[in-house]
Amino acid sequence: MRLIVAAVVASALSGTSAVAAPVVGQISLGGYAQSVGSAGMGGATGISFANASGLSVTGTSGSISSFGAGSGSFSALGACSSQSSGCGTIKDIASLSTPAAISSFLTLTGTPAFSFDLSGLSMVSRSQDASGGSLSFTADGTINLAGFDQTPGQFFFTAQGNNIVSYSATVIARAAPAIPEPATWAMMLVGFSMVGIVARRRITATKVTFA
């Protein structure tokens, strides 16, 4: 019996492949953006991102102006601030009401390589006033950070004012609960089996005597 148990455990362990850990933590970033469909952020129907200096909006993407030293897995990226070459890229969102999925919506310069694939928006909030109002939204997606598993994440954006304005944003990892690996399941099953075998042997070994 001991040989059988040992064989089962060895087989389970040999079939286990190394799996990278999910991304944890968060990182904050900033840049410049312009409202689409309205002069002010409070009436925006979409977002066009500007260059790192905030002087112009061209094409279908803009540049990140800065990002801070993140926490957890993001700490390896360090920090960046550049209004000339920029610190990464961010793609425009054509429609806030019917957003399309955007691959590599956000990238950050540095090592390890980082990108965020946007899958949709889960919250959009606007307020309007004489100074242009404000806009905030939450985007759901997938975080890609070299050396780690792809991890669910969210992108939080907020900006206010007219024309090209500064914005602040945060990417937060939303790692799912860990699932036991095959070897762990095998060890649990072996443990349950051994408990049953021991209990059965005790019952068999018990002698019943009659007066």
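Here the sequence shown stands for residues -20 to -1, 1 to 191, where the numbers follow mature numbering (1 follows the signal peptide of the UniProt record, and there is no 0). Just so it is clear, CB atoms sit at the ideal spot from N, CA and C, and this is done for glycine as well.
| Query | Result |
| --- | --- |
| Extent of the continuous beta strand (DSSP E) run through L101 | F94 to S107 |
| Three-state secondary structure assigned by DSSP to F128 | coil |
| C-alpha gap between Q140 and R106, whole angstroms | 9 Å |
| Contiguous beta strand (DSSP E) assignments of at least 3 residues, all confined to the region 21 to 103 | 26 to 29, 41 to 47, 68 to 71 and 82 to 88 |
| Close beta carbons around G20, own chain, < 6 Å, minus the five adjacent residues each side | G112, G113 and N142 |
| Residue closest to T87, alpha-carbon to alpha-carbon, out of F135, S33 and G52 | F135 |
| Three or more C-beta pairs below 8 Å linking the region 46 to 59 and the region 4 to 11 | yes |
| Min CB distance F135 to chain C below 8 Å | Absent from the structure is chain C; it holds one protein chain and no more. |
| C-alpha distance - Q63 paired with K71, whole-angstrom precision | 17 Å |
| L35 burial status per 10 Å Cβ neighbour count (16 or more: buried) | exposed |
| Limits of the beta strand (DSSP E) - the one that residue 213 falls within | The shown model of the chain, from -20 to 191, leaves out residue 213, and the question about it has no answer. |
| Cβ-based neighbour list, F85, same chain, cut-off 6 Å, excluding 5 preceding and 5 following | K71, F96 and L98 |
| W165 in three-state terms, based on DSSP | Confidence at W165 is low in this model, with a pLDDT of 45, below 50, so its placement is unreliable and no value can be given for it. |
| Beta-carbon proximity list for I144, same chain, < 6 Å, skipping 5 on both sides | Y12, Q14, A30 and G34 |
| Distance cut-off 7 Å: Q63 Cβ against heavy atoms of the ligand NAP | With respect to the ligand NAP, the structure shown offers nothing to examine, as it has no ligands at all. |
| Beta-carbon proximity of S26 to A74, cut-off 8 Å | First, the residue type needs correcting, since residue 26 is Gly and not Ser in the sequence shown. Yes, these two residues count as a Cβ contact at 8 Å. |
| Three-state class that DSSP yields for S15 in the structure shown | strand |
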